[in-house]
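S.K.:
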Amino acid sequence: MITALKNITFAIWILFSTTAFAQVKFEKVYGSTGYDKGYSVAQMYDIGYAVVGTTTSFGSGSTDVYLLKTDSMGIAVGQKTFGGINIDQAYSIESTSDSGLVIAGYTNSFGAGGYDMYVIKTDKNCNTVWEKTYGGTNWDFAYSVQQTYDGGYIIAGGTYSSGNGSEDMYLVKTNSDGDTLWTKTYGGINDDEIKSIKQTVDSGFIFTGYTKSMGDVSGDIYAIRTDRNGNTIWTYKYSGGSEDYSYDVLEDSSGPFPFYYIAGETKISPTNLEGIVLTVGPTGFLVTTKLYVGAAHDGVNSIAQTVDGRFATVGYTYSFGAGMSDLVMYREKPIGTYAGSTSFGGGNIDKGYCIKNTKDGGYIMCGTSLSFSALDRIFLIKTDSMGVATGGVINTTTGINSLSKASGSKFTVYPNPANDAITIVTGLDASSDTDLIVIVTDLLGREKLSLPILMNASSSPILLNTQGLETGVYFINLSGENYFSAQKLIIQK
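Take 9 as the starting number for the sequence shown in our numbering and just add one per residue.
1) Please tell me whether residue 352 and residue 335 are closer than 7 Å, where the distance is taken between their beta carbons.
2) Count the other C-beta atoms from every protein chain shown that fall within 10 angstroms of the C-beta of residue 48, then say buried if there are 16 or more, exposed otherwise.
3) Note down the Cα distance separating residue 285 from residue 182, rounded to an integer number of angstroms.
4) Over what stretch of residues does the beta strand (DSSP E) that includes residue 374 continue unbroken?
5) Which word fits residue 85, buried or exposed, when buried means at least 16 other C-beta atoms lie within 10 angstroms of its C-beta?
6) Determine the burial state of residue 348: buried for a count of at least 16 other Cβ atoms within 10 Å of its Cβ, exposed for fewer.
7) Going by DSSP in three states, residue 362 sits in which element: helix, strand or coil?
8) Using beta-carbon positions only, say whether residue 215 and residue 150 come within less than 7 Å of one another.
9) Within this structure, are the beta carbons of residue 397 and residue 364 separated by less than 7 Å?
10) To which residues of the same chain is residue 198 closer than 7 Å at the C-beta, ignoring the five residues directly before and after it?
11) Determine the contact status of residue 338 and residue 325, defining contact as a CB-CB distance below 7 Å.
12) Distance, Cα to Cα, residue 458 vs residue 499?
13) Which of the three DSSP states is assigned to residue 333 in this structure?
14) Output needed for residue 60: all residues of its chain with C-beta closer than 6 Å, excluding positions within five of it in sequence on either side, in chain order.
15) Can you tell me which of 319, 248, 259 and 481 puts its alpha carbon nearest to the alpha carbon of residue 210?
16) Count the other CB atoms within 10 Å of the CB of residue 91; is the residue buried (16 or more) or exposed (fewer)?
17) Look up residue 125 in the DSSP assignment and say whether it is helix, strand or coil.
18) Should residue 66 be labelled buried (16 or more other beta-carbon atoms within 10 Å of its own) or exposed?
19) Express the C-alpha separation of residue 295 and residue 169 in angstroms, rounding to a whole number.
20) By Cβ distance, which residues of its chain are closer than 7 Å to residue 261, with the 5 residues on each side in sequence left out?
21) Could you check which residue in 256, 253 and 290 has the C-alpha nearest to that of residue 264?
22) Please check the pair residue 148 and residue 124, which I expect to be a contact at CB under 8 Å, by giving their CB distance rounded to whole angstroms.
23) Taking the alpha-carbon of residue 370 as reference, which of 201, 390 and 118 has the nearest alpha-carbon?
24) So residue 256 and residue 245 are supposed to be a Cβ contact under 8 Å. How far apart are they, rounded?
25) Going by beta carbon distance, what residues of the same chain come within less than 7 Å of residue 471, once the five residues before and after it are set aside?
26) Please report how far the alpha carbon of residue 127 lies from the alpha carbon of residue 304, in whole angstroms.
27) For my contact list, residue 50 and residue 77 are in at a C-beta cut-off of 8 Å; report their separation, rounded to the angstrom.
28) Taking the C-alpha atoms as reference points, what is the distance between residue 444 and residue 469?
29) Quick one: what's got a C-beta closer than 6 Å to residue 108's C-beta in the same chain, skipping five residues either side?
30) Please determine, among 82, 155, 420 and 354, the residue with the shortest C-alpha to C-alpha distance to residue 106.
31) Do residue 144 and residue 120 have their C-beta atoms closer together than 7 Å?
32) Can you have a look at residue 116 and say buried or exposed, based on whether 16 or more other CB atoms are within 10 angstroms of its CB?
33) What number of angstroms, rounded off, separates the C-alpha of residue 139 from the C-alpha of residue 231?
34) Do you know offhand how far residue 299's Cα is from residue 32's?
35) Does residue 485 pass the burial test, meaning 16 or more other C-beta atoms within 10 Å, or should it be called exposed?
36) Between the Cα of residue 62 and those of 53, 56 and 87, spot the shortest distance and give me the residue it belongs to.
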């Protein structure tokens, strides 16, 4: 069986967590007896988060794809591993229109040969719907996946199995069941690879990565804009330094013409890498270049944009912060006006790989940390809209079960629709020994009510005053160690 699911208790090093106004903030690291890394994060339908990466702590093989589920407060509520007896890793996760998830990476545990692209589709409870491999007899890697407007998926990475050179940029378009509709390769005689892809407002695609075929053999930033069938409309290449690599791209369609932000790193001095964000116009011309220059190495791995036209990036810095390398977040106003930076981490190496907007107007970031353990740990940070999290560190050991057991049975709420008060029946028995927290959010994920429930009362009916809620639709999130459940609440005044 391809999927490996295990019931495992593992240690979680948890940093201080607080809630301020409607925006939840926390900094947490998670891990066990081996190496555990987080490369991508998605907010789910229940306002919680799903982090994907790789683990050597548990699973079936050398490394396994690792899925960690948390609630909206960053409390780990479940985990799952995917893979076989060899190497399996994941680099991209996205929420899907059916409230589930799609995950992309690569495997050499099964497939056509060598390494193959590995894509997993789950339902909202993280149960596997389907999993597929794509590629030929050589090496094929997936680094980015997106659900497309037609309900299918676009998978991007690199291939040694087909194309023009050593490694070519590789796209696979599928239907909703993961069946291949078409594939495309791009590149020359040397290595060329896609790190990120987004669908554009006209149903085409913009993707970016690097090329060693079209310019400097040490690497140039390379972006390609295509139509919906993968046919090239224009290309853009940046070669400002001796080594240039891009890792993420997004489309800004807020104005009359789309613009594209490309994030990565460039070696403009003989010794140091610097973070870079390029703004590229609608036909592939350079508009602005933003460099993050420090005294040592700095890089940008991911970029996100908010509704007010700002964008934020996450990456790493050796130039400032608490330790050797810190996870760093930069915030920019429109047209690259610097708005501030924040570093996160401890005395060792900490790096950020993914940043996304959250429904409450803040940001969620994930990466890896070596500052709070002798081995790599998943680093998950939730900030407010200004990039502020919590600071302060608390090391706590907590046990959680697999996702199949962490999702609690559906609790009962009555009346629903409600007016001034509701009663919640958890269904837990008196021996559950579970502290719970009830959080009510609106459809944007903004917290409206919260109520902690001590373990000796969690099996009793919970009375919640809803007089302060306006008419509308809300979500009730009920979570605790080894338990998570959510459902809809309707308020009618």
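Virtual Cβ for every residue (Gly too), placed ideally from N, Cα, C.
Predicted model, so just to flag it, every value in this text is computed and none were measured.
M.R.: Put simply:
1) Here residue 352 refers to the residue found at position 344 when the sequence shown is read from its first residue. Here residue 335 refers to the residue found at position 327 when the sequence shown is read from its first residue. Taking 7 Å as the Cβ cut-off, residue 352 and residue 335 qualify as a contacting pair.
2) Working through the sequence shown from its first residue, we reach residue 48 at position 40. Residue 48 comes out buried.
3) Here the question's residue 285 lines up with position 277 in the sequence shown. Here the question's residue 182 lines up with position 174 in the sequence shown. For residue 285 and residue 182, the distance between alpha carbons rounds to 30 Å.
4) Against the sequence shown, residue 374 aligns to sequence position 366. Per DSSP, the continuous beta strand (DSSP E) segment holding residue 374 begins and ends at 371–377.
5) For the purposes of this step, residue 85 is taken as residue 77 along the sequence shown, with counting starting at 1. So residue 85 counts as buried.
6) Mapped onto the sequence shown, residue 348 falls at position 340. The residue is exposed, with fewer than 16 neighbouring Cβ atoms inside 10 Å.
7) Within the sequence shown, the letter at position 354 stands for residue 362. Strand.
8) For the purposes of this step, residue 215 is taken as the residue at position 207 of the sequence shown. For the purposes of this step, residue 150 is taken as the residue at position 142 of the sequence shown. Against a cut-off of 7 Å, the Cβ pair of residue 150 and residue 215 comes out as no contact.
9) Mapped onto the sequence shown, residue 397 falls at position 389. Mapped onto the sequence shown, residue 364 falls at position 356. With contacts defined as CB atoms closer than 7 Å, residue 397 and residue 364 fail to qualify as a contacting pair.
10) Counting from one through the sequence shown, the residue named residue 198 turns up at place 190. 173, 174, 220, 221 and 225, listed in sequence order.
11) Taking the first residue of the sequence shown as 1, we reach residue 338 at position 330. Taking the first residue of the sequence shown as 1, we reach residue 325 at position 317. No. Outside cutoff.
12) Within the sequence shown, numbered from 1, the residue matching residue 458 stands at position 450. Within the sequence shown, numbered from 1, the residue matching residue 499 stands at position 491. When rounded, the distance between both Cα atoms is 16 Å.
13) Within the sequence shown, numbered from 1, the residue matching residue 333 stands at position 325. Judged by DSSP in its simplified three-state form, residue 333 adopts strand.
14) For the purposes of this step, residue 60 is taken as the residue at position 52 of the sequence shown. Residues 48, 75, 98, 101 and 111 of the same chain have their beta carbon placed closer than 6 Å to that of residue 60, with the five preceding and five following residues left out of the count.
15) By one-based count along the sequence shown, residue 210 stands at place 202. Cα-wise, what sits closest to residue 210 is 259.
16) In the sequence shown, residue 91 corresponds to position 83, counting from 1. Its Cβ being crowded by 16 or more others within 10 Å, residue 91 is buried.
17) Taking the sequence shown and counting its residues from 1, the one referred to as residue 125 is at position 117. In the structure shown, residue 125 sits in a strand (DSSP, three-state: E or B).
18) Counting from one through the sequence shown, the residue named residue 66 turns up at place 58. Answer is buried; the Cβ neighbour count reaches 16.
19) Numbered from 1 along the sequence shown, position 161 holds the residue referred to as residue 169. Numbered from 1 along the sequence shown, position 287 holds the residue referred to as residue 295. Cα to Cα, residue 169 sits roughly 36 Å from residue 295.
20) Here residue 261 refers to the residue found at position 253 of the sequence shown. So the qualifying residues of the chain are 209.
21) Your numbering for residue 264 matches position 256 in the sequence shown. Here the closest residue by C-alpha is 290.
22) As a position in the sequence shown, residue 148 is number 140, starting the count at 1. As a position in the sequence shown, residue 124 is number 116, starting the count at 1. Indeed, because the Cβ distance is near 5 Å, the residues count as touching under 8 Å.
23) As a first step, residue 370 is located in the sequence shown; it is residue number 362 there, counting from the start. The shortest Cα separation from residue 370 among 201, 390 and 118 belongs to 390.
24) In the sequence shown, counting from the first residue as 1, residue 256 sits at position 248. In the sequence shown, counting from the first residue as 1, residue 245 sits at position 237. Not confirmed; about 17 Å, so no contact.
25) Along the sequence shown, read from residue 1 onward, the residue named residue 471 stands at position 463. In its chain, beyond the 5 residues on either side, 429 and 431 have a beta carbon closer than 7 Å to the beta carbon of residue 471.
26) As a working mapping, residue 127 is identified with position 119 in the sequence shown. As a working mapping, residue 304 is identified with position 296 in the sequence shown. Residue 127 and residue 304: Cα-Cα distance of roughly 37 Å.
27) To locate residue 50, count along the sequence shown from 1; it is residue 42. To locate residue 77, count along the sequence shown from 1; it is residue 69. About 10 Å separates the two Cβ atoms, so there is no contact after all.
28) By 1-based counting over the sequence shown, the position of residue 444 is 436. By 1-based counting over the sequence shown, the position of residue 469 is 461. Their Cα atoms are separated by approximately 13 Å.
29) Taking the first residue of the sequence shown as 1, we reach residue 108 at position 100. Counting only Cβ-Cβ distances below 6 Å, and skipping sequence neighbours, we find 130, 131 and 132.
30) Indexing the sequence shown from 1 puts residue 106 at position 98. Closest by alpha carbon: 155.
31) As a first step, residue 144 must be located in the sequence shown, where it is residue number 136. As a first step, residue 120 must be located in the sequence shown, where it is residue number 112. Yes; because the gap between Cβ atoms is below 7 Å, this pair is in contact.
32) On the sequence shown, residue 116 is found 108 positions in, with the first residue counted as 1. Residue 116 is buried by the Cβ-count criterion.
33) Taking the first residue of the sequence shown as position 1, residue 139 is located at position 131. Taking the first residue of the sequence shown as position 1, residue 231 is located at position 223. Cα to Cα, the separation comes out at about 29 Å.
34) Looking up residue 299 in the sequence shown gives position 291. Looking up residue 32 in the sequence shown gives position 24. Going from the Cα of residue 299 to the Cα of residue 32 covers about 30 Å.
35) Taking the sequence shown and counting its residues from 1, the one referred to as residue 485 is at position 477. Per the 10 Å Cβ criterion, buried.
36) Residue mapping note: residue 62 aligns to position 54 of the sequence shown, counting from 1. Relative to the Cα of residue 62, the nearest Cα in the group 53, 56 and 87 belongs to 87.
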